[in-house]
Amino acid sequence: MAMKKGPGPTEPLDPKVVRTLLDRLSSDDDFRDLFKRDAHAALVEAGWKAPDSAGAKLATSDQAAMSGGSCLQLAAGTQLASKEKIAQQRGKLEQTLNAIVNYGAPMELQADD
3 MAMKKGPGPT EPLDPKVVRT LLDRLSSDDD FRDLFKRDAH AALVEAGWKA
53 PDSAGAKLAT SDQAAMSGGS CLQLAAGTQL ASKEKIAQQR GKLEQTLNAI
103 VNYGAPMELQ ADD
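So for the sequence shown, this note's numbering puts the first residue at 3; every next one is plus one.
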């Protein structure tokens with residue numbers, strides 16, 4: 003299981019957001035580029051929303067903090083796994099991402115060097 007990285011959301015990712023995220027990471031080059039640059043923006047595009055308990059009007063920077071800010075962001079120098087690897091590891095990724103609450107990117111999202 004991934005290690006918690008600090009303050010952030012207290013709710014796991016919605017399964018629908020996880021499915022959309024993985025669908026797009028395994029098929030959409032523009033989305034993959036967005037995810038590599040800004041995982042939070044990719045999560046928002048995949049349907050992530052701040053929980054109702056966070057309040058109705060959050061600034062973009064506050065929303066990034068609610069998604070963990072660096073939640074799922076690949077470490078500098080780390081490559082995103084190929085579309086094929088993400089599709090191949092889909093079941094494991096769904097299980098991992100459905101439980102994630104402010105964690106780093108799972109190994110299955112990282113390319114083998």
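Just so you know, even glycine gets a beta-carbon here, dropped at the ideal spot from N, CA and C.
Nothing here was measured: the structure is a model prediction, and the numbers come from that model.
To the nearest angstrom, how far is the alpha carbon of residue i from that of residue j?
{"i": "D114", "j": "D32", "result": "21 angstroms"}
{"i": "V20", "j": "A101", "result": "10 angstroms"}
{"i": "S28", "j": "T22", "result": "10 angstroms"}
{"i": "L15", "j": "E86", "result": "23 angstroms"}
{"i": "P108", "j": "D30", "result": "19 angstroms"}
{"i": "C2", "j": "Q97", "result": "What is shown of the chain runs 3 to 115, which leaves residue 2 out entirely."}
{"i": "A52", "j": "T80", "result": "27 angstroms"}
Of the choices the options, whose alpha-carbon is the least far from that of residue i?
{"i": "Q91", "options": "A52, R34 and E110", "result": "E110"}
{"i": "A78", "options": "E96, Q112, D30 and S29", "result": "Q112"}
{"i": "I88", "options": "L76, K18, D25 and L74", "result": "D25"}
{"i": "L171", "options": "P17, A41 and K18", "result": "Residue 171 lies beyond the range of the chain shown here (3 to 115); nothing can be said about it."}
With DSSP collapsed to three states, give me the class of residue i.
{"i": "L15", "result": "coil"}
{"i": "K87", "result": "helix"}
{"i": "Q112", "result": "strand"}
{"i": "L74", "result": "coil"}
* To do: Evaluate the contact criterion for the stretch 21 to 37 versus the stretch 45 to 53: three or more CB pairs, one atom per stretch, below 8 angstroms.
  => yes
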